[in-house]
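Report on the structure given below.
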């Protein structure tokens, strides 16, 4: 992320922590920050995007692990200073049932966008609904969270950017869902917030090129589809390489 201000990267990393992170604090014994994702689909993101951002923000090279037995990719920071810094910035140890976007981020539009991009890259889902012809063409962006405060913070900011969305409460009132449909919302998201997660960008590019994006495919599947499309384009008469 060359050229991006450190404060913006810190806001983005805070969003990533809200989505995929955990903070462990055992006084005088362990100070640890962990991030965990889907190895099959997020290996590229963790290894080549998030790891570099963490190093830029904190000046510490995170430990990188792949656990194939449970399809998990991990980044770990063992640092008392980083744990204390994150607590000062509004991140707390324990469960995230009441987590919210920190006040220092909500005061600034650029930082809010970066934070929500981090949440989007980790916790939002990007998918495409079937149309009447059975093609997966209709964009859908969703977030499920146990934190009503987080959903409210994101909804408030998205309203200011003129997104249209719905917020729903689960039957047991322990989970909340924010959902956006349609091309207008997706194009606005790309323009105003964007994705830094390669897996989500592969889905987006597949949809743009083919006009639809089938569900259930992994990172490699989408990459192969796009490579196939590029090969066909290069083989067309008149294409100069």
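Numbering (the numbering used here), first residue to last: 24 to 264. Just so it is clear, CB atoms sit at the ideal spot from N, CA and C, and this is done for glycine as well.
Within its chain, find whatever has a CB closer than 7 Å to the CB of residue i; leave out the 5 residues flanking it on each side and keep chain order.
i, result
"residue 120", "169, 170"
"residue 235", "151, 158, 159, 160"
"residue 36", "76, 77, 80, 141"
"residue 167", "198, 200"
"residue 245", "225, 226, 229"
"residue 186", "203, 208, 211"
Using only alpha-carbon positions, find the residue among the options that is nearest to residue i.
i, options, result
"residue 100", "143, 88, 26, 111", "88"
"residue 232", "251, 243, 218", "251"
"residue 203", "188, 214, 192, 212", "188"
"residue 223", "186, 163, 177", "163"
"residue 129", "82, 181, 228", "181"
"residue 85", "94, 92, 72, 93", "72"
"residue 267", "41, 219, 242", "Because the chain here runs from 24 to 264, residue 267 falls outside it and cannot be looked at."
"residue 67", "54, 219, 239", "219"
What does DSSP give as the partner residues of residue i in its beta bridges?
i, result
"residue 106", "Beta-bridge pairing links residue 106 to no other residue."
"residue 162", "151"
"residue 99", "57, 86"
"residue 44", "58"
"residue 252", "Answer is none; residue 252 lacks a bridge partner."
"residue 49", "53"
Spatial neighbours of residue i within its chain, please: C-beta separation below 6 Å, excluding the five flanking residues on both sides.
i, result
"residue 97", "59, 88"
"residue 30", "none"
"residue 184", "215"
Spatial neighbours of residue i within its chain, please: CB distance less than 8 Å, with the 5 preceding and 5 following residues excluded, ordered by chain position.
i, result
"residue 260", "Unreliable positioning characterises residue 260 in this predicted model, as indicated by a pLDDT of 42, which lies under 50. The coordinate reading is nonetheless provided below. Answer for residue 260: no residue qualifies."
"residue 112", "33, 37, 125, 127"
Check for me: the alpha helix (DSSP H) holding residue i runs from which residue to which?
i, result
"residue 182", "171 to 183"
"residue 78", "74 to 81"
Item to check | Continuous alpha helix (DSSP H) assignments of at least 4 residues falling wholly in the stretch 112 to 157 | outcome: With a minimum length of 4 residues, the continuous alpha helix (DSSP H) runs that stay inside the stretch 112 to 157 are 126 to 129, 132 to 145.
Checklist entry - Which ranges would you report for the alpha helix (DSSP H) in the stretch 186 to 247 if only whole runs of at least 4 residues count? => result List check, alpha helix (DSSP H) in window: 206 to 215, 221 to 233.
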